[in-house]
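> Listed in order, the protein sequences are those of chains A and B.
Each position in the first sequence, counted from 1, maps to that position plus 22 in the numbering used here.
Each position in the second sequence, counted from 1, maps to that position plus 275 in the numbering used here.
From the three backbone atoms N, C-alpha and C, an ideal C-beta is built for every residue, glycine too.
Just so we're clear, the structure is a prediction, and the values are computed from it rather than from any experiment.
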Amino acid sequence: MSSITLTVNRQRHTVDVDPTTPLLYVLSDDLGLRGPKFGCGLGQCGACTVLSGGRAIRSCVTPVSAVAGAEITTLEGLGTVDRPHPIQKAFIQEEAAQCGFCLSGVVLTAKAFLDQNPKASDAELRQAMSTVLCRCFTHVRMLRAIKRYRQEV
Amino acid sequence: MTPEAHDAFVRAGFSRRDFLKTSGVLVVTFGAASVVPLAAQGPFDTRPSHVDPQRLDSWIAIAADGKVTAYTGKAELGQGMFTAQTQLVAEELSVPVSAVTLVQCDTAVCPDQGTTSGSQSTPTNFNERNLAQAAATAREALAGMAATRLGVSRDQLVIDGGAISIKGNNSRRVTYRDLLAGQAFNLQVDPQAKRKPASDWKVLGKPVPRLDMPAMAAGEFEFVHNVRVPGMLHGVVIRPPAPGATLAGIDESSIAGMTGILKVATRKNFVGVVAEKPWQARQAASTLKVSWTPGAGLPSQRDFYDYLRKQPSRDTFIVNSKDVDDKLAKAAAVVRATYLHPYQMHGSMGTSCAVADVQGSKATVWSPTQSAYPTRSGVAMLLGLQPDNVRVVFVRGAGCYGINGADTVSYDAALLSQAVGKPVRVQLSRQDEMAWENYGFPYVIDQRVGIDADGTIIAWDYEAWFASMGGRPGTSTPGNVVTGMLAGFSPAPFAPRAATDPTGRFNNGSNAAPSYVVGRVGTVAGGAGIVASERVLTHTIASPFFTGPLRSPSRLQNTFAHECLVDEVAARVKADPVAYRIKHVSDPRLKHVISEAARVARWETRPSPKPGSTRTGVASGRGMACVVYEGDNGYVALVADVDVNTATGQVIARRLFVAQDCGPVSNPDGMRNQLEGGALQGLSRALGEEVTWDDQKVTSIDWRTYHSMTLGDEMPEVESVLIDRHDVDATGAGETAITIVAAAVGNAIFDATGVRIRQVPFTPERVKAALVAR
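Printed below as a string of structure tokens:
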């Protein structure tokens, strides 16, 4: 066990954990966050995605020790029900979910990519989303929401 | 977001509930924290009288503050049922959506409505029964009370916004809270209570936004994965390495000294580890030395479809006019083909998760199961408890599409909680989810269609073999899922049986009979078509893997075979596929959706394949398919426009046009969302999804080995036409579109290339091989 300090959604936390613990476990179990989800534990689906310094990372395969000191943002750190972030607002406006379990992967991967590449083409956007799954296949609405956000950035 | 939507979110937030009894009315309050105080887990009073479906109070409560709580036995699974049912109650009671709190599938307080499945939630709760009838009963009871209070007759009253007033005299009004003052109705549900006609709807039939959407987008929504109970521990299960392997030994010293480990629990072949923290449990489970006997061995996947034909089988005739062989012998031509469909998986986005708290003779399970009440019985059997002492609280999981690991993981959590006497949360690994779930059935389907000299179909012969084991556990068969079997229960027994003549009514619940036959059983024809010479025979064989309902179970596989074959026949007689279908259909609603799909697709009337199609580069084509889902539960037709890369064999769908008639539409945007999702899920299943195995075990165990389409794949536009009919009952709408995608895409590949692919999935390798062979 070791003491690790993390900044998550602009709040500093110190946790006493095995340093090999995946970041996801710390976020959902020690910090009780609901945004990032365990989908595969293999970095293949996106459900556990969080932002680390603006970059989308897969928290299920990231040891917590690797992000000590980093600024982590989860889906709930972007905005709230009352004050959603523009990309969250776009998803709400497009009704772009069914079960909603995949949203961390879809929303945060798209946000991180478009914030870095605001003029990305549809093909480049697809490439960026190529390792993100939604098993309800809400793809049409999700891509509409993402493109709505692209227009805004 | 609007204040109303915010209120709705708070209500829909699924924070843990304290159940209080006040004034004889069960009132639900919502705590701010997601943690359940153990003392407040609520009554275990689940005697039938407590939630007697005949009693109005089992469905509807109006609290002293006028807020409405409705109780339902049909769950939100991502399909929009929470919002639609809230709309239904708001509509019938003439209150705003924001005034209604819906409680779903908690066995302590909700009526037993069995399983949320089979596209039955809408037929069950929106037609003239159950939740809809209860809400109408409540409204009319309140109107009766108001008539007495105001001294006028019922027909002089108007009801709006939870208040009742005299027509033309708004000053003489009473509110629901005035009338009930927090008291129970103490009435029976009145089957005669008048439903609101669709022409009067203000809330139903409107695209009310999903009440849970803002919380989901903000990452605040509570899934079962987020349930935390004080003192909760974490369990990880260890499954056998292969089907049929049994536990030979456990070396607990192999994890000696690991931090936080509390228990290695076994029950026959069930093995699990409980630890203080989830990562500790996960590491211990992968370190623990567990020895198993070799598996039973698996039939070769290469020859599996031949294997299916050769096994002892349980046989069923759906129809048998007994003149099929004769008609086929005399036909001008017979078109015959065999269609193959693999095992596919639900492949939920999240691995299944549940929390159980077993304390002595009582248990509470927070479960994403589609079957709250049956799971209560299954858990009771597994733990040796009385069902009345088990409470199952439905909390949403990841989309399940049939039966993912929700039931099995509920058993896992219950067994491990019982082993340690403390609350335990279990979430499966991706491999355990995928290697052991109840897969969709694999099928081999042989068909022969006879045509006369004019090219009209005169006989249809269908014979199918499919593999099945286990399924939904129901109330008495926990061995139908893996945990129950490992713990010592058997799956429902398989007994070979010869087919007998069909009796009773034509039952096309599995869509084994095509849309083009008359479906005659006895003297009554219940089918959608005109072909009178018909034989539909199914053979069920014992599956080496667990199987269960996967969205459009059997309906999809059967319809793939029918709708491709009718296309083959149309091509043989050089007929336009749309006109040829309509010619053989008698049901006007099916004809209508076929015509509508063709209209929006700007269908060009001509036979397939497309003349002058390219043999190099990208070939484009269109294909049609249609079905009456389950024979009576929704009408749908779909046109797919696809591109086939003739060099690589890759198929890309460019546009899907869907026309659907499911009776009165409760929420058009919700229906479109289901339709779009179903269509694209169907596309993923048609193009890439297949369970694979070697001689011992399943090898499709993650997203690299089981091929789902991603957000990066080129997805078609989906254009939909909803035919909103108010003169018929509502049907399901969640499994309609998915049923016909594989057929429409297969037909479009044929239109583009002249090559017929008769095996799902249409992988690039398979398509390319067929193109090379032409």
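1. Contact criterion: CB-CB distance below 8 Å. Does D526/B meet it with respect to chain A?
2. Any idea what DSSP makes of H107/A, helix, strand or coil?
3. So A647/B and C380/B are in contact, right, with Cβ under 8 Å, and what is the actual spacing, rounded?
4. So which of Q706/B, Y718/B, G480/B has the shortest CA-CA distance to D581/B?
5. Which residue marks the beginning of the alpha helix (DSSP H) containing Y618/B, and which one marks its end?
6. What residues match up with N920/B in a beta bridge as DSSP calls it?
7. Are V1073/B and Q693/B close, meaning C-beta to C-beta below 8 Å?
8. Going by C-alpha distance, which of V48/A, D40/A, L55/A is nearest F496/B?
9. Would L913/B pass as an interface residue toward chain A - the criterion being a Cβ-Cβ separation below 8 Å?
10. Tell me, which residues are paired with E809/B by DSSP?
11. Would you identify the three-state DSSP class for S324/B, choosing helix, strand or coil?
12. Grab the span of the beta strand (DSSP E) containing H509/B for me, first residue to last.
13. Considering only C-alpha positions, which residue in the set R947/B, I1032/B, N679/B, V893/B is nearest to E117/A?
14. Does R826/B get closer than 8 Å to chain A when you measure Cβ to Cβ?
15. For the ligand ADP, is there a heavy atom less than 7 Å away from the beta-carbon of V1030/B?
16. Hey, is P41/A's beta-carbon within less than 8 Å of any beta-carbon in chain B?
17. Give me whichever residues DSSP pairs with K637/B in a beta bridge.
18. Give, in chain order, every residue of the segment 157-172 of chain A whose Cβ lies closer than 8 Å to some Cβ of chain B.
19. My parser needs the beta strand (DSSP E) runs of 3 or more residues fully inside the segment 978-1044 of chain B; what are they?
20. May I ask which residues mark the beginning and end of the beta strand (DSSP E) holding I94/A?
21. Quick one: give me the first and last residue of the alpha helix (DSSP H) that R567/B is part of.
22. Which class does W968/B belong to by DSSP, given the choice of helix, strand or coil?
23. Out of A787/B, R447/B, A631/B, which one is the CA nearest neighbour of A836/B?
24. Taking a cut of 7 Å between CB atoms, which residues from the segment 104-118 of chain A lie near chain C?
25. Return the residue from the list R795/B, C901/B, G963/B that minimises the CA-CA distance to Y981/B.
26. Determine which residues of the segment 981-997 of chain B have a Cβ less than 9 Å from any Cβ of chain A, and write them out in chain order.
27. Pull the bridge partners of G425/B from the DSSP assignment, please.
28. Let me make sure I understand the geometry here. Which of E174/A, R163/A, R157/A has the alpha-carbon closest to that of S959/B?
29. Tell me whether the segment 647-661 of chain B and the segment 387-400 of chain B touch, counting them as touching only if at least three CB pairs, one residue from each stretch, are closer than 8 Å.
30. Which residues, in order along the segment 945-959 of chain B, keep a beta-carbon less than 7 Å from a beta-carbon of chain A?
31. Taking the straight line between their C-alpha atoms, what separation do you get for F319/B and A410/B?
32. For P44/A, return the contacting residues in chain B, with the cut-off set at a CB-CB distance below 8 Å.
33. Pull up the DSSP beta-bridge partners for L913/B, would you.
34. Just to confirm the assignment: which complete beta strand (DSSP E) runs, minimum length 3, are found wholly within the segment 495-556 of chain B?
35. Considering only the alpha carbon of each residue, which of L352/B, T382/B, A374/B lies closest to T326/B?
36. What does C70/A reach in chain B if we use C-beta pairs closer than 9 Å?
Let me lay it out:
1. no
2. coil
3. Contact between A647/B and C380/B holds: CB atoms are separated by about 4 Å, below the 8 Å threshold.
4. Y718/B
5. Element bounds for Y618/B: n/a, residue is neither H nor E.
6. V893/B
7. There is no way to answer for residue 1073/B, as the model of chain B reaches only from 276 to 1049.
8. Of the candidates V48/A, D40/A, L55/A, the one whose C-alpha sits nearest the C-alpha of F496/B is L55/A.
9. False, the Cβ-Cβ gap to chain A never drops below 8 Å.
10. W735/B
11. Confidence at S324/B is low in this model, with a pLDDT of 42, below 50, so the placement of that residue is unreliable and no value is reported for it.
12. 508-513
13. The shortest C-alpha to C-alpha distance from E117/A to any of R947/B, I1032/B, N679/B, V893/B is the one to R947/B.
14. no
15. Questions concerning the ligand ADP fall outside what the structure shown contains, since it holds no ligand whatsoever.
16. Taking Cβ atoms only, chain B never reaches closer than 8 Å to P41/A, which makes this a no.
17. Q634/B
18. R157, C158, F159, T160, H161, V162, R163, M164, L165
19. Complete beta strand (DSSP E) runs here, min 3: 992-998.
20. Its beta strand (DSSP E) spans residues 93-95.
21. In the sequence as presented, Arg is not what sits at residue 567/B; that position holds Trp. Taken as a continuous stretch (DSSP letters only), W567/B belongs to no alpha helix (DSSP H), being part of the beta strand (DSSP E) at 564-567.
22. Strand.
23. It is A787/B whose Cα lies nearest to the Cα of A836/B.
24. Here chain C cannot be found, since the structure's protein chains are A and B.
25. G963/B
26. S983, M984, T985, L986, G987, D988, E989, M990, P991, E992, V993
27. Strictly speaking, residue 425/B in this sequence is Leu, with Gly absent from that position. Paired residue(s): none; L425/B is not in a bridge.
28. R157/A
29. yes
30. N948, E951, G952, L955, Q956, S959
31. For F319/B, the pLDDT reaches just 42, beneath the cut-off of 50, and the residue's location in the model is therefore unreliable, although a value from the coordinates is still provided. The alpha-carbon atoms of F319/B and A410/B are separated by roughly 26 Å.
32. Within 8 Å Cβ-Cβ: W554.
33. A900/B, V933/B
34. 508-513, 522-526, 536-542, 545-550
35. Per the sequence shown, the amino acid found at residue 326/B is Val instead of Thr. When each option's Cα is compared against that of V326/B, the closest is T382/B.
36. Near C70/A there are no residues of chain B at all, since even the closest Cβ is about 10 Å away, more than 9 Å.
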